[in-house]
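Chains as they are written, first to last, in the numbering used here: chain A, 850 to 1241; chain B, 1014 to 1460. Where is the CB? At the ideal position from N, CA and C, for every residue including glycine. None of the values given here were measured: they were computed from a predicted structure. Quick notes on the structure that follows.
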Amino acid sequence: MEWIRQRLDKFKEPFQKGKKLEKYAPAINALDTFLYTPNHTTQKGAHIRDAVDLKRTMITVVLALVPALIFGMWNGGYQYLSQIQTEVGFWEAFGHGALKIVPMIAVSYGVGLGLEFLFAIIRGHEVNEGYLVTGLLIPMIMPIDIPLWMVALSVVFAVVIGKEAFGGTGMNILNPALTARAFAFFAYPTYMSGNKVWVSEASSVDAVSGETILGTLAAGENVEYSVMNMFSGVIPGSIAETSTICILAGALLLILTKVGSWRIILSGFIGAAVMALIFNALPSMGVEGNNLTNFPWYQHLIVGGLAFGVVFMATDPVSAAQTVKGKWIYGFLIGLFAVMIRIFNPAYPEGIMLAILLMNVFAPVIDHYVIQANVKSRKKRLSGATQIKTAV
Amino acid sequence: MSKDIRIKRGLALRLKGEAEKQIVEAPRSKTYAIKPPDFHSVVPKMTLKEGVRVLAGETLFYSKYTEEVKFTSPVSGTLIEIKRAERRRIVEVIIEAHPTDSYKDFGKMNAETAAPEEVKSRILESGCGAFIKQRPYDIVADPKDSPKAIFISAVSTAPLAADIGFVLKDKVAAFQEGINALNKLTSGKVHLSVDASSESCLKEIKGVELHKVKGPHPAGNVGVQIHKIDPLNRGERVWVVGAEDVTIIGNLFLTGELHADRTLAVTGSEAEDRKYYKAKIGANISDFIPQMPDSVRIISGDVLTGDKISNNQYIGFYHNSITLIPEGNQYRMFGWLPFTYNNIHSNSKTSLSWLMPKKKFEPTTNLNGEERALVVTGEMEEVLPMDIYPMQLLKACISGDIEKMENLGIYEVAPEDFALIDYVNTSKIEAQEIIRLGLDLMITEVG
């Protein structure tokens, strides 16, 4: 171990202050701090510090994503293989999915981290760890057959326009991963919607097809999957969004480690349930609904990207509301709008993406009014105090 | 009517190296020093030159812009050095102590019956004005102000801090006299808060509104108590006095002399003789602790708010503890992996340290990461038990937006209230420094 450290220190020498490679220091520091938590000590303020840092926080989110990712790889293979053969082995399915998905992850990390390093060098700050999560999220919310160059282009758009244009990590208004998906969705709609993209090879092999449950409902047809299928995730869909059970496992880790806001997750599901219940109640009010409105409320929660979005996208602290009250409102409205969009506009079955992006934009407004209440109470106290003074 | 305070949000850090509850006489230091940088925003103007003999209680320097505020010698001796830093800024006024103290005689006075003006000028004349700090801004009080109340916190909740209730148990009479004097300085109330968890020796004190405080750190911070009892509004002033300093003021009236006694706790995992010492303000730390190697951080004060000092330096004016903890200048391989290195405490749950609620941790000075953009939300609110949005306030301070700072409650906070935010925040932001700079900006812009 000591040997690695010494080699690293020697390697870093030309990157020190005043040396000729100084401006590339952020890149080399990023690699160094990946291997070792640095030996920096407190110079001012509190002399001792908490064990947590941004790397640890981000890696925790990555860990929380792993169950959904592994399931997504298996399901990616299974959805295809189960249509062309009668028996599908676990490794066979997993291998097929991994072969498609691992290159997407590699492209996403390669392009995205490259850009992050570049911006860090240009701007002279350290590389922020936020992309560790974004880079994994982007492929996980894409259809399995999307060409790699589209992944790369979406990543460029998300990082440059979605994040760096606003000033980098911590400053972006929209969730970068969803920005990437929205870009792909509107730029290449044929690759992002329809009934030929959700199952591997469906566009090239005629015998293979598969529509998402929401797409089926929107077309007015009946769903042939059981609730258990929906909950466990053995259904077509974006790579990692299908398995509610794996997503909930990730949510559990996020909540237990306090990395993800339980308020947003809970209120998101509540909001979606409330909206779905309202639509479910339509027939009793004499309005004839359609397949989407009559879809049971609890099934609304476990199909489509709702669970994945609420757990992993809405909780992104940078683009979410920052105050406690704000988080409740923000999460609730995301759930509400997600179900509303998916029912009212069947052209956009993925209501969750638009709902989160919409609420990302409104999060600062929510916070503003929450904080304004605090400001007002302070001003009220002040005017109360001056009144007493003048009365005396 | 007393108002009891229960604090829920906060963090009770359990650290190794608490001082034993035993007070011993400290050896008399050869040299003592008063450090002008301890008095934030005071510009010192020396009244004496190097080489003169001083009595305990004799003025060394005064504040250039509020001349009434005087800073006096804690011991009798010879003024041997006025240490200056860059731009001739005075950093230490060093006094070589005589073997025994002779005191400047201010004359005895009964604080209860004396006129308020007499009490005030006596306090200022003796240098006790330095003990009185004002909120907002956390600076030495301006005697021309009339504070709406005076607050004294006799609760210590900071990790490894000296137990102030224990320190005061033999000084109740002087404390009472100090309270009598302070009552003359304000037309409002004198608020005293004591620890609710133990029987306090101060519960019989008269002339105060007594508050029982319960909860984790920062419940003992006087700023948090003010916020709960009678929050500050724009334009208002309150004064705060350290609990042991009240006894120094009391002794001044009882004896007519300045006895600058300070009970110091030596704490921290690297300290060997962990107990309380009876000493004087400005004592040299080499009398209490042996020479420390570079691998030990010497802190004048507690681990959250204290100052880093080195061997043979002097204890800070307001500090009552010396804390020794290991320096953390080591690399840790893959230190960012969650659920590893669980011996390092974390308020987040990405370390399993929360599974060991009884464990006493042994933190080093390692930053455990690097400074990053503000990303994580909600963690600061958990350790600031005030009706204030800390992250928004910090951002307002960084951008220097005065109106916003005012709206978000800058007048109600002091840097020490943000010490736990220094500790817990994921982005390793220096919250105390940001608040201090914000307050300084308010002083120049609003005054």
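Asked	Found
CB contact below 7 Å: A/H1217 versus chain B	no
Strand pairing of B/K1225, partner residues [DSSP]	B/V1207
CB contact flag (B/L1433, B/V1396, <7 Å)	yes
Backbone CA spacing between A/F883 and B/A1046 [nearest angstrom]	45 Å
Closer than 8 Å at the beta carbon, the chain B residues around A/E975	E1383, E1384 and R1385
Chain-ordered chain B contacts of A/L1105 [CB-CB under 7 Å]	K1362
Min CB distance B/N1342 to chain A below 7 Å	yes
Cβ contact check for the segment 1262-1270 of chain B and the segment 1131-1150 of chain B: 3 or more pairs under 8 Å	yes
Beta carbon of A/P1025 nearer than 7 Å to that of A/G1011	yes
Short Cβ contact (7 Å threshold) for A/I1220 with B/Y1402	yes
Buried versus exposed call for B/Y1354 [16 or more other C-beta atoms within 10 Å across all chains shown]	buried
CB contact below 7 Å: B/P1376 versus chain A	yes
Simplified DSSP state of B/F1301, which is helix, strand or coil	coil
Any chain B beta carbon closer than 7 Å to A/G1153	no
Status (buried if at least 16 other CB within 10 Å, exposed otherwise) for A/P1132	exposed
Within 7 Å, strictly: CB atoms of A/I1192 and A/T1235	no
Below-7 Å beta-carbon distance, B/D1435 vs any chain A residue	yes
Residue ranges of each beta strand (DSSP E) within the segment 1310-1374 of chain B, 3 or longer	1320-1322 and 1334-1339
A/L903 at chain B interface by Cβ criterion, 7 Å	yes
Residues that B/D1307 bridges to, as DSSP identifies them	Looking at the DSSP assignment, B/D1307 forms no beta bridge with any residue, so it has no partner.
Positions along the segment 1233-1262 of chain B whose CB lies within less than 9 Å of some CB in chain A	P1244, N1246, R1247, G1248 and E1249
Within chain A, partners of B/A1025 - CB distance below 8 Å	Residues of chain A passing the Cβ test: none, with the nearest at roughly 14 Å.
One or two residues paired with A/T886 in a DSSP bridge	B/R1345
Contact list for the segment 1442-1457 of chain B against chain A, Cβ threshold 8 Å	E1443, A1444, Q1445 and E1446
Neighbour flag for B/M1305 against chain A, beta carbons, 7 Å	no
B/L1028 versus B/K1043, B/E1190, B/N1356 and B/E1081, residue with shortest Cα-Cα distance	B/N1356
C-alpha distance - B/K1096 paired with A/G979, whole-angstrom precision	47 Å
Spatial neighbours of A/Q892 in its chain, beta-carbon cut-off 7 Å, leaving aside the 5 residues before and after	none
Three-state class that DSSP yields for A/D1165 in the structure shown	coil
Residue ranges of each beta strand (DSSP E) within the segment 864-933 of chain A, 3 or longer	none
CB contact check: A/V1083 to chain B, cutoff 7 Å	no
Interface flag, A/K866 vs chain B, CB-CB below 7 Å	no
Length-filtered (3 minimum) beta strand (DSSP E) runs lying within the segment 1045-1071 of chain B	1057-1059
Residues of the segment 1409-1430 of chain B whose Cβ lies closer than 8 Å to any Cβ of chain A, in chain order	N1420, L1421 and G1422
Contacts of A/R1230 in chain B (Cβ-Cβ under 8 Å)	P1244 and N1246
Contacts of B/S1359 in chain A (Cβ-Cβ under 7 Å)	D899, A900 and V901
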